[in-house]
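Numbered by mature numbering (1 follows the signal peptide of the UniProt record, and there is no 0), the letters in the sequence shown go through residues -22 to -1, 1 to 109 in order.
Have a look at the structure below, then the notes.
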Amino acid sequence: MRNVRLPIPLSLLRTHALVCWSHSTFLGPWVLDSNVTDHISGNQSLFSSLSTSGYLPSFTMANGFRTTSYGVGTVHLSPSLSIDNVLYVPKSPFNLLSLSHLTRSFECLISFTKDSVFLPDRSLGRMIGTR
């Protein structure tokens, strides 16, 4: 399945992350976070595929708690937009989208203004997210 990218509306959320924006879908809120290196979700029902074998990284969460991911898989944010390599971390209270991982995966250049964020896909010439 080829990932087709559609605009995703984003709304501001205050947290301890360096840069943080959120988007609510029928799957729950997602937070764009510049302080994480991988996409993370604590909700197993969001995954369309989930592998629990192979390398599963350990890391320290923002609250200082050390944990291990229980799997890695794919989450569909919409019928035509999927995010691969999402870590399943049951103890995570948030669904986090890594800004650095997004820029590598979707070849986008993320731009910020005083009250907006833009995520254009340079390879397809269309916007995958705005706020």
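Positions of the beta carbon are idealized from the N, C-alpha and C atoms, including for glycine.
According to DSSP, is residue i helix, strand or coil?
i, result
"residue 97", "strand"
"residue 12", "coil"
"residue 28", "strand"
"residue 80", "helix"
"residue 1", "The predicted position of residue 1 is uncertain, since its pLDDT is 47 and thus under 50; a value taken from the coordinates is nonetheless stated next. Of the three classes helix, strand and coil, the one that applies to residue 1 here is strand, per DSSP."
Between the options, which has its C-alpha nearest residue i's C-alpha?
i, options, result
"residue 8", "76, 84, 89, 94", "76"
"residue 31", "51, 79, 89", "51"
"residue 68", "12, 14, 20, 10", "20"
"residue 40", "83, 91, 85, 71", "71"
"residue 63", "12, 33, 96, 97", "33"
"residue 80", "45, 97, 23, 91", "97"
"residue 23", "45, 78, 83, 55", "55"
"residue 57", "25, 91, 74, 42", "25"
"residue 49", "29, 43, 95", "29"
"residue 84", "13, 37, 61", "61"
"residue 74", "44, 43, 53, 42", "53"
Check the C-beta distance from residue i over to residue j and give it rounded, since I have them as a contact under 8 Å.
i, j, result
"residue 65", "residue 16", "5 Å"
"residue 27", "residue 35", "Rounded, the Cβ-Cβ distance is 18 Å, inconsistent with contact."
Give me the DSSP bridge partner(s) of residue i.
i, result
"residue 18", "65, 74"
"residue 89", "96"
For residue i and chain B, any beta-carbon pair shorter than 8 Å?
i, result
"residue 7", "Among the protein chains of the structure shown there is no chain B, as only one such chain exists."
Practice task
Pick out the complete beta strand (DSSP E) segments inside the segment 32 to 77, 3 residues or longer, and give them in chain order.
Solution key: 36 to 38, 44 to 46, 49 to 56, 59 to 66, 73 to 76
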